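S.K.:
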Amino acid sequence: MKLHQVADRLHCRLEGDGDIEIARVAGIEQAQPGDLTFIAHEKYVAKLAATRASAVIVSDAIQGAPGGPALLRAASPYVAFAQAVGLLTAAPPAPRGVDAASAIASDVGLGPDVSIGAFVTIGAGATIGARTIVYPNVTIGPGVRIGADCIVRSQVSIRDGVVIGNRVILQDGAVLGSEGFGFARQPDGTHLKIPQRAAVIIEDDVEIGANTTIDRPAVGETRIGAGTKIDNLVQIAHGVRVGRRVLLAAQVGVAGSCVIEDDVILAGQVGVANHVHLGQGTIATAQTGIPNSVDAGSYVSGYPAIPHRDWLKSSAIFRALPALRKRMTELEQHIAELEEKLHACQTASEK
Amino acid sequence: MKLHQVADRLHCRLEGDGDIEIARVAGIEQAQPGDLTFIAHEKYVAKLAATRASAVIVSDAIQGAPGGPALLRAASPYVAFAQAVGLLTAAPPAPRGVDAASAIASDVGLGPDVSIGAFVTIGAGATIGARTIVYPNVTIGPGVRIGADCIVRSQVSIRDGVVIGNRVILQDGAVLGSEGFGFARQPDGTHLKIPQRAAVIIEDDVEIGANTTIDRPAVGETRIGAGTKIDNLVQIAHGVRVGRRVLLAAQVGVAGSCVIEDDVILAGQVGVANHVHLGQGTIATAQTGIPNSVDAGSYVSGYPAIPHRDWLKSSAIFRALPALRKRMTELEQHIAELEEKLHACQTASEK
Amino acid sequence: MKLHQVADRLHCRLEGDGDIEIARVAGIEQAQPGDLTFIAHEKYVAKLAATRASAVIVSDAIQGAPGGPALLRAASPYVAFAQAVGLLTAAPPAPRGVDAASAIASDVGLGPDVSIGAFVTIGAGATIGARTIVYPNVTIGPGVRIGADCIVRSQVSIRDGVVIGNRVILQDGAVLGSEGFGFARQPDGTHLKIPQRAAVIIEDDVEIGANTTIDRPAVGETRIGAGTKIDNLVQIAHGVRVGRRVLLAAQVGVAGSCVIEDDVILAGQVGVANHVHLGQGTIATAQTGIPNSVDAGSYVSGYPAIPHRDWLKSSAIFRALPALRKRMTELEQHIAELEEKLHACQTASEK
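If you read the sequences in order, they're chains A, B and C. Throughout the first sequence, residue numbering follows this note's numbering, covering 497 to 847 in sequence. Throughout the second sequence, residue numbering follows this note's numbering, covering 497 to 847 in sequence. Throughout the third sequence, residue numbering follows this note's numbering, covering 497 to 847 in sequence.
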């Protein structure tokens, strides 16, 4: 594709030779002639001089270099790059039609142009919306409702009655609607299972990562809000309510009955204790442990979580604790000496 | 169902109108007329006045309010609530009989009323006990022995020779009997695999969460004791011995050859180093890292784990470390001033 | 098998009765007559006197006891033990041939003696090397290339175009080639998916644990180097490059675009932030959080990661922080007293 065609498609302003042939997208350090790349932030501007890419997507804040690569000016270079990847890479092949080697209950409702791979099981009363693609070896339970234009990857299990919106993507091995971890301790010390049969609802435009698990509760519902993106190996416990446009990175764990408001971002391996409420836009850095509710707009770190700036300071001192203790010991010695001197002084003055 | 019928079935003492129709169970804040809910602890008594529920399960310690909801008195309200959920919600549909689209070796022993879903594979010599339900897309290896009244959810893999007791529940995607992470470092730096072919034994009444993994060892056995409940995405390494009635929350990791005694509780994301012994009734709070063995009855937190009360105190001071360091610096300045004054005093007294 | 035969096969020097019949391998504490066990380190020599094993693999540094078990002398007892396990335990049964209940695209290339289990799906254009075994209920996408002598366990999903070398072992439920967690934030706060369609390459002799996930990137590649071993429930994000002979224990998470050099060892639940570079031979203890790049040969702990020895010292003081603060308060009181005394002394000397 000619660069000027790419510029048109990405709604970018072109600076340089529009007749260059663009074959691929690449990272700025790996890029070769024929590649399109991008600079997301001004601080990486030095890479512009060194790249071998034929063209680079940049913001208006970045100045081109004479003899450097052609530029595509974009209001948001990262968004334009995302579009460029879609434009210049081929979509992977998908199953077409309904595979004969699938087990679909007779009353399942399949929308137009639905694709179902081999060895997929779909239980009684389920419905699958238009153009949704179900890859091989997926299990969809009775009564499940899946919207239009969804993608369900292999080895996924969707339990009975789970409700899924439109344009939802489920990566391989994800489990939706498994039974929450709810037991009542009995007088003899054994644990009585509290049946977990209530709802799981996944709203539109959600993506759920590989081998992530989302439990159903005993009462009420577990809900993932529209536009939320969840990475791999994440645990969402029973009764959790996740808002819209939330980002949960890999291996995050959210315990039962939490409320996570819109636009929250939890980095990798963060843990949230049960019944915690995270206010809108809360950000937690990797491995943070959050035992208590957090106000909207908070930026927290550590275990237990404290404001990020405090944590940075305390962590720096943590590393220097041996030095701090040494200062303490020296101070104690110093004071003992002072006391002796003072005593001598007192004795002298009493004479 | 009439409330007096519910009371009978739950063995609760009824206070109020037994002719109320109860349709659902619900959390106390979400409950609507027609709902039954519960109060597990006296500290939530204030919610009793505000709930719209028609009836509430409470202990004898909680006083009813005139005009408030009907009460069901129970010795353990949480246990009664667990029973109420079972009573008032419908069990999800399950496969019936043996699906023709399954691959069951000719010598597999199936007990009476076993159900096997589509695309289930069962290897040679395996046995499945009475009334056990195997959902679609499960793999059961050769020689596996599964007891009676078990539930095996979709996408589970049970490797060859694993032994499972009665009334065991395996949530979707769980893996039992995968090979432990055992390698011997060779002189050239490469890692020689130690074959992991020994036993995995799951005793009666165990529940294992979605996408949890339980490894087999090279020698000896990995064992999960009766009545133990394991949440999602938990790692049980090779040769671990877990006792009875243990609770392991989501994303816990237990390294090789650990011994976890009866009634231990590990909260989410706890890690236990290899060869560690956790004494009976040990409790560890979320994200605790346990590098060394712990005596029975311990209550630990932190990384590395220390007694919970000590950890609370130290964590509070951690947050205040910048202030502590400031006090230290002020003290040092103060002492320097004192020393000067003392010197002046000495000089004066010597005159 | 006679002990002298075992000695021959393991290339060990025999001390004792070579005609003993050896039936099993076992841990030194569980071993019974007829068992072969081992001592990996001199510090465990005391166990030699107590074991009931018939024979023990030891290094030259360990002295035998009169009347004790027969000894097999090995340069590396642990390597010899690994070989003994392979020698004395039966390999588990594997599928033979290509199961009729599989869905294999017509143009798939199958090497000689490939085995494919029931309900396996293999997409168009894929190739499977000689003697590779694919267990039941596996999904292999279009264009996947798998080498010779590989083992692919049940419930694994290998996405389109993933390239796998020779002698690779994939434990149950592993996901290779799922889409990386890449989104560009748009002006309205929604997240635009950056298509993730680039390569995942698994080199020779890699082992990947149960339910582990390895993501593909938007551009470039995700690569796992030869001889690297990855445990269960590990997350490898998009664009990560893992070197050779690396060991990643269970529940480790490696964020996007990291470079992990050869011979790195990360213990359980370690997290590595994105774009971090871990130099050759880096070791991190369990639960370490690594936010910044680390030089070759480093040994780190803590969150954020610091040198292990520093972390041990600081952690010990962390536990003693209440005592440290008490000393601080006492010091402040002491100084106040001193100041008063000094004042009295000054007043006296001025008289």
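Even for Gly, the Cβ is constructed at its ideal location relative to N, Cα and C. In this text, all values refer to a predicted model and were calculated from it rather than measured experimentally.
Assign B:Pro-787 to one of three DSSP states: helix, strand, or coil.
M.R.: Here residue 787 of chain B refers to the residue found at position 291 when the second sequence is read from its first residue. Note: B:Pro-787 maps to coil in three-state DSSP.
S.K.: Can you pull out the residues from the segment 617–630 of chain C whose beta carbon lies closer than 9 angstroms to at least one beta carbon of chain B?
M.R.: none
S.K.: Apart from the five residues on each side of it in sequence, which residues of its chain come closer than 6 angstroms, Cβ to Cβ, to C:Phe-577?
M.R.: What you label residue 577 of chain C is simply residue 81 of the third sequence in a count that begins at 1. Cβ neighbours of C:Phe-577 beyond the five flanking positions: Phe-534, Ile-553.
S.K.: Considering only the alpha carbon of each residue, which of B:Leu-688, B:Ala-694, B:Ala-733, B:Ala-746 lies closest to C:Ala-722?
M.R.: Residue numbering aside, residue 722 of chain C sits at position 226 when the third sequence is read from its first letter. Considering only alpha carbons, the answer is B:Leu-688.
S.K.: Would you say the segment 526–542 of chain B touches the segment 809–817 of chain A, given that touching needs at least three Cβ pairs under 8 angstroms?
M.R.: no
S.K.: Enumerated in chain order, which unbroken segments of the beta strand (DSSP E) with a length of 3 residues or greater are wholly contained in the segment 610–688 of chain C?
M.R.: 671–675, 679–681
S.K.: Is A:Ala-780 helix, strand or coil by DSSP?
M.R.: Translated into positions along the first sequence, residue 780 of chain A becomes position 284. A:Ala-780 falls in the strand class under three-state DSSP.
S.K.: Measuring only between beta-carbons, confirm whether A:Pro-787 sits less than 8 angstroms from chain C.
M.R.: Position 291 of the first sequence, counting from 1, holds the residue named residue 787 of chain A. No, A:Pro-787 lies away from the interface with chain C (no Cβ there is under 8 angstroms from its Cβ).
S.K.: Are the C-beta of A:Asn-770 and some C-beta of chain C separated by less than 8 angstroms?
M.R.: Residue 770 of chain A sits at position 274 when you count from the first residue of the first sequence. No, A:Asn-770 lies away from the interface with chain C (no Cβ there is under 8 angstroms from its Cβ).
S.K.: Buried or exposed for C:Tyr-540, please, with buried defined as at least 16 other CB atoms from any protein chain shown within 10 angstroms of its CB.
M.R.: Locating residue 540 of chain C in the third sequence gives position 44, counting from the first residue. It counts as exposed.
S.K.: Indicate whether at least one CB of chain F lies closer than 8 angstroms to the CB of B:Leu-744.
M.R.: Of the protein chains in the structure, A, B and C, none is chain F.
S.K.: Going by DSSP in three states, B:Ser-811 sits in which element: helix, strand or coil?
M.R.: Here residue 811 of chain B refers to the residue found at position 315 when the second sequence is read from its first residue. Correct three-state label for B:Ser-811: helix.
S.K.: Look up C:Arg-520 in the DSSP assignment and say whether it is helix, strand or coil.
M.R.: Sequence index remark: in the third sequence, residue 520 of chain C carries index 24 (1-based). C:Arg-520 falls in the strand class under three-state DSSP.
S.K.: Quick one, are the C-beta atoms of A:Leu-584 and A:Arg-520 less than 8 angstroms apart?
M.R.: The sequence position of residue 584 of chain A within the first sequence is 88, counting from 1. The sequence position of residue 520 of chain A within the first sequence is 24, counting from 1. A contact, by the Cβ cut-off of 8 angstroms.
S.K.: Round the Cβ separation of B:Ala-733 and B:Ala-706 to the nearest angstrom and send it over; I've been treating them as touching at under 8 angstroms.
M.R.: Locating residue 733 of chain B in the second sequence gives position 237, counting from the first residue. Locating residue 706 of chain B in the second sequence gives position 210, counting from the first residue. Wrong, their Cβ atoms sit about 19 angstroms apart, outside the cutoff.
S.K.: Can you pull the chain C neighbours of B:Gln-731, defined as C-beta to C-beta under 8 angstroms?
M.R.: Here residue 731 of chain B refers to the residue found at position 235 when the second sequence is read from its first residue. Within 8 angstroms Cβ-Cβ: Asp-727, Asn-728, Leu-729, Ala-746, Gln-747, Gly-764.
S.K.: Report yes if the CB atom of A:Ile-516 is closer than 8 angstroms to the CB atom of A:Thr-547, and no otherwise.
M.R.: As a first step, residue 516 of chain A is located in the first sequence; it is residue number 20 there, counting from the start. As a first step, residue 547 of chain A is located in the first sequence; it is residue number 51 there, counting from the start. No, they are not a contact pair.
S.K.: For A:Val-766, I'd like the list of residues in its chain whose CB is within less than 6 angstroms of its CB, leaving aside the five on either flank, ordered along the chain.
M.R.: In the first sequence, the residue the question calls residue 766 of chain A occupies position 270. Here the set comprises Val-748, Ala-780, Thr-784.
S.K.: Considering Cα atoms alone, identify which of C:Ser-650, C:Ala-622, C:Pro-562, C:Arg-627 is closest to C:Ala-638.
M.R.: In the third sequence, residue 638 of chain C corresponds to position 142, counting from 1. According to the sequence as given, residue 638 of chain C is Pro; it is not Ala. It is C:Ala-622.
S.K.: From what residue to what residue does the alpha helix (DSSP H) around A:Tyr-574 run?
M.R.: As a first step, residue 574 of chain A is located in the first sequence; it is residue number 78 there, counting from the start. From DSSP, the alpha helix (DSSP H) with A:Tyr-574 extends over 573–584.
S.K.: Hey, is B:Arg-821's beta-carbon within less than 8 angstroms of any beta-carbon in chain A?
M.R.: Residue mapping note: residue 821 of chain B aligns to position 325 of the second sequence, counting from 1. Interface residue, yes.
S.K.: Output the distance between the C-alpha atoms of B:Leu-532 and B:Ile-518, rounded to the nearest integer angstrom.
M.R.: In the second sequence, counting from the first residue as 1, residue 532 of chain B sits at position 36. In the second sequence, counting from the first residue as 1, residue 518 of chain B sits at position 22. Approximately 7 angstroms, taken between the alpha carbons.
S.K.: Between which two residues does the beta strand (DSSP E) containing C:Ala-695 stretch?
M.R.: Along the third sequence, one-based indexing puts residue 695 of chain C at 199. 695–698 is the span of the beta strand (DSSP E), which, as asked, contains C:Ala-695.
S.K.: Is C:Arg-741 near C:Thr-724, with beta carbons less than 8 angstroms apart?
M.R.: Looking up residue 741 of chain C in the third sequence gives position 245. Looking up residue 724 of chain C in the third sequence gives position 228. It is a contact, given that the beta carbons lie within the stated cut-off.
S.K.: Considering only DSSP beta bridges, list what C:Tyr-795 is partnered with.
M.R.: Taking the third sequence and counting its residues from 1, one reaches residue 795 of chain C at position 299. DSSP lists C:Ile-779 as partners of C:Tyr-795.
S.K.: Taking just the CA atoms, how far does A:Val-630 sit from A:Lys-543?
M.R.: Within the first sequence, numbered from 1, the residue matching residue 543 of chain A stands at position 47. Within the first sequence, numbered from 1, the residue matching residue 630 of chain A stands at position 134. Those two C-alpha atoms are separated by around 42 angstroms.
S.K.: Please determine, among A:Thr-778, A:Asp-504, A:Gln-731, A:Ala-670, the residue with the shortest C-alpha to C-alpha distance to A:Gln-579.
M.R.: Locating residue 579 of chain A in the first sequence gives position 83, where the first residue counts as 1. Taking only the C-alpha atoms, the option nearest A:Gln-579 is A:Asp-504.
S.K.: Spell out whether any CB of chain B is found under 8 angstroms from the CB atom of C:Met-497.
M.R.: Taking the first residue of the third sequence as position 1, residue 497 of chain C is located at position 1. Against chain B, the CB of C:Met-497 has no partner CB under 8 angstroms away; the residue lies outside that interface.
S.K.: Please determine, among A:Gly-716, A:Val-755, A:Leu-743, A:Gly-685, the residue with the shortest C-alpha to C-alpha distance to B:Asp-759.
M.R.: Taking the first residue of the second sequence as 1, we reach residue 759 of chain B at position 263. Checked all of A:Gly-716, A:Val-755, A:Leu-743, A:Gly-685; the closest Cα to B:Asp-759 is A:Gly-685.
S.K.: Output the residue ranges of the beta strand (DSSP E) runs that lie fully inside the segment 715–746 of chain C and measure 3 residues or longer, sorted by chain position.
M.R.: 717–720
S.K.: So who's on the other strand from B:Lys-498, going by DSSP bridges?
M.R.: What you label residue 498 of chain B is simply residue 2 of the second sequence in a count that begins at 1. Answer is B:Glu-517, bridged to B:Lys-498.
S.K.: For my contact list, C:Asp-700 and C:Asn-662 are in at a C-beta cut-off of 8 angstroms; report their separation, rounded to the angstrom.
M.R.: Residue 700 of chain C sits at position 204 when you count from the first residue of the third sequence. Residue 662 of chain C sits at position 166 when you count from the first residue of the third sequence. Right, their Cβ atoms sit about 5 angstroms apart.
S.K.: I need the boundaries of the alpha helix (DSSP H) containing B:Ala-545, first residue and last residue.
M.R.: Counted from its first residue, the second sequence places residue 545 of chain B at position 49. That run of the alpha helix (DSSP H) goes 542–546.
S.K.: Thinking C-beta only, is B:Ala-763 closer than 8 angstroms to C:Ala-782?
M.R.: Reading the third sequence from its first residue, position 286 is the one you call residue 782 of chain C. Reading the second sequence from its first residue, position 267 is the one you call residue 763 of chain B. Cβ distance not < 8 angstroms, so C:Ala-782 and B:Ala-763 don't count as in contact.
S.K.: Compare the C-beta of A:Val-604 with all C-beta atoms of chain B and state if any pair is closer than 8 angstroms.
M.R.: Here residue 604 of chain A corresponds to residue number 108 of the first sequence, with the count starting at 1. For A:Val-604, the answer is no, since every Cβ of chain B falls outside 8 angstroms of its Cβ.
S.K.: With 8 angstroms set as the bound, which would you pick, yes or no: does the beta-carbon of A:Ile-831 sit closer than that to a beta-carbon of chain B?
M.R.: Residue 831 of chain A sits at position 335 when you count from the first residue of the first sequence. Closer than 8 angstroms: yes.
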